[in-house]
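Here's the structure we're looking at; comments come further down.
Residue numbers (our numbering), protein chains in the order written: chain A, 958 to 1133; chain B, 341 to 766.
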């Protein structure tokens, strides 16, 4: 079943945010996804960002820079987003394994060029940024206050099929 | 038009291309450890699909936190152990027989030229040293691998790194790969295979080649890869001698797993290692690298020698050569973790363990342990570790801790003085 995408955005304005920052290794001893919930982004130190704050609690979308999710292969990183209802990541680029893990879980790792990320970040001046995702039309609509901007994105047929199927297990099980 | 080795392996293993550019490969090896596999097992059970595609192609080890340190890690080990038993997986390495996955699986001869392998561990790229395509994946890819024996990839392009010149005494594979990562950057090889070529690689042992390939992921690479040659055959001979009439016959067969001379590369880098100094990282990314001369004198609190990067016998020999007859400085503590029981035994026989113990090192059982801040040497806030591991992320070895990556030789010299030290100056 397809997940729900979009929602309030939280901005992590730095490149190379790694999976140790998203979910520290000491929590990898959990054997359920749900148990990871309180530890989201616990080790990320970034000016203005509070891992225990309301902005993250209410977020449905994370927006970041280059090479998001680098480092360890731990799928606990997409899972900790999933259990916190963040099903959409928008970044300039991703580490391969993290990106694949997102789509394998039926979630969206959308790539936008730097100029678009700059515009999204600037949009915050008008208030809280809300993101709507039109997967079929491959468009993002970002609104803040009275401002609205749209961005188109590319998604490969395979990635779209994974999202539609609800993930790679469902897709592979039906096909192989 | 010629093909790269990675392209040849993809062609030979292509099971399906559901969409243009998406290649679903059949897998020769699915490797499992206790951190990323239990959730896959639980999901398979929940889906009523608790099966394995081929028990002989699945290799299993408890390596991240053995022996278990608490109830949670004991539960992870128990889930993996019971799963391996119920599916009668013959190659399962429990406490007492276990070692760091990327050291023990090659040591058992499980990885061969031309193979495909996945594991829920980013440093799976290590196994490319054998001329294989080996990639770190997440738990979902691992789960499908266990169930169906397949994995999907976008076909990666290849960056060829020619290592030329002559490696100076006291400069090792670790120094070379740190330098290469600094040139590529932490995402310079994303979605790419890094092919290590040239006379330096040809002269390297399998251990050194594994050190090179191990850190391909630190530049974002899907896999590091070396061309199989007589060194590969020699390493594997005890496992393959029934298959081939002679080593020459094995080599002739394995040469099909070599990139063509006219293969097309995404990028070719030529690096002359003749002037290379030992390398050390600073900061919190593995591409933040400086020559040791610029880092010398930096105080540390702990020295950690081991891991899937540098916990093999050759690494321990290098460190012991520096440590012999010397003592660990009073201001620091030294920890060494031989990567497998076989390496541990070999180090005992060669007197290497005695050298470490006489110097004042703590010798631990084979485990990933402190490398990722799990056990056996976790750092406190503001502490600094000189480590032979592969990641220097902020807090990687413990919240608020700092890690400097370096070779076993530099780490040993640093243990003696208590500050980052070029072993060649001792």
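Glycine included, C-beta positions come from ideal geometry on N, C-alpha and C.
| Item | Value |
| --- | --- |
| Going by C-alpha to C-alpha distance, which of A:1132, A:1124, A:1133 sits closest to residue 383 of chain B? | A:1124 |
| Measuring straight from C-alpha to C-alpha, what distance separates residue 959 of chain A and residue 1038 of chain A? | 16 Å |
| With H, G and I counted as helix, E and B as strand and the rest as coil, what does DSSP make of residue 937 of chain A? | For residue 937 of chain A there is no data in the structure shown, the boundaries of chain A being 958 and 1133. |
| Give me the Cα-Cα distance between residue 534 of chain B and residue 471 of chain B, rounded to the nearest whole angstrom. | 12 Å |
| Out of B:595, B:358, B:385, B:698, state which residue places its alpha-carbon closest to the alpha-carbon of residue 1133 of chain A. | B:358 |
| For chain B, check one thing: does any of its Cβ atoms lie closer than 8 Å to the Cβ of residue 1031 of chain A? | yes |
| What residues from chain B crowd round residue 934 of chain A, counting only those whose CB sits closer than 9 Å? | With chain A represented from 958 up to 1133, any question about residue 934 of chain A goes unanswered, as that position is not in the structure. |
| Report the rounded CA-to-CA distance for residue 1077 of chain A versus residue 1046 of chain A, giving the unit in angstroms. | 13 Å |
| Have a look at residue 501 of chain B and residue 550 of chain B and give me their C-alpha separation to the nearest angstrom. | 15 Å |
| For the alpha helix (DSSP H) that residue 1127 of chain A lies in, which residues bound it at each end? | 1125-1132 |
| Checking 8 Å against the spacing of the C-beta atoms, do residue 1026 of chain A and residue 1056 of chain A come in under that value? | yes |
| Consult DSSP for residue 765 of chain B and reduce its assignment to one of helix, strand or coil. | helix |
| Helix, strand or coil: which one does DSSP assign to residue 557 of chain B? | helix |
| Between which two residues does the beta strand (DSSP E) carrying residue 1091 of chain A extend? | 1087-1091 |
| Which residue marks the beginning of the alpha helix (DSSP H) containing residue 536 of chain B, and which one marks its end? | It is not in any alpha helix (DSSP H) - residue 536 of chain B instead sits in the beta strand (DSSP E) that spans 532-537. |
| For residue 513 of chain B and residue 348 of chain B, I'd like the C-alpha separation in whole angstroms. | 26 Å |
| Classify residue 988 of chain A as helix, strand or coil using the three-state DSSP reduction. | coil |
| Quick one: which chain A residues come within Cβ less than 8 Å of residue 378 of chain B? | 988 |
| Are any of the Cβ atoms in chain B nearer than 8 Å to that of residue 1066 of chain A? | no |
| When DSSP labels each residue in this structure, what does residue 417 of chain B get in the three-state scheme? | helix |
| Quick check on residue 628 of chain B: does DSSP put it in helix, strand or coil? | coil |
| Just to make sure I have the definition right: I need the residues of chain B whose C-beta is within less than 9 Å of the C-beta of residue 1054 of chain A. Which are they? | 462, 475, 476, 477, 478, 481, 557, 562 |
| Which residues in the same chain as residue 528 of chain B place their Cβ atom closer than 6 Å to its Cβ, once the five residues preceding and following it in sequence are excluded? | 559 |
| Give me the subset of the region 403-422 of chain B whose CB atoms are less than 7 Å from a CB atom of chain A, sorted by chain position. | 412, 413, 415, 416, 419 |
| Whose C-alpha, out of B:376, B:580, B:689, B:745, is nearest the C-alpha of residue 627 of chain B? | B:745 |
| Report yes or no: do three or more beta-carbon pairs, one from the region 591-608 of chain B and one from the region 570-577 of chain B, lie closer than 8 Å? | yes |
| Compute the Euclidean distance between the alpha carbons of residue 604 of chain B and residue 582 of chain B, then round it to the nearest angstrom. | 36 Å |
| Indicate the three-state DSSP secondary structure (helix, strand or coil) for residue 634 of chain B in the structure shown. | helix |
| Count the CB pairs spanning the region 716-732 of chain B and the region 989-997 of chain A that are closer than 8 Å, and state whether there are at least three. | no |
| Name the residues in the region 975-1005 of chain A whose C-beta lies less than 8 Å from a C-beta of chain B; which are they? | 975, 977, 978, 981, 982, 983, 985, 986, 987, 988, 989, 990, 1000, 1002 |
| Decide yes or no for the touch test of the region 1005-1022 of chain A against the region 458-465 of chain B: beta carbon pairs closer than 8 Å, at least 3 of them. | no |
| From the DSSP output, which residues share a beta bridge with residue 683 of chain B? | Beta-bridge pairing links residue 683 of chain B to no other residue. |
| For residue 497 of chain B, write down the residues that DSSP places opposite it in a beta bridge. | B:532 |
| Under a CB-based cut-off of 8 Å, is residue 1126 of chain A close to chain B? | yes |
| Check the Cβ-Cβ distances between residue 1057 of chain A and every residue of chain B, and say whether any is below 8 Å. | yes |
| Check residue 1051 of chain A in the structure and name its three-state DSSP category. | strand |
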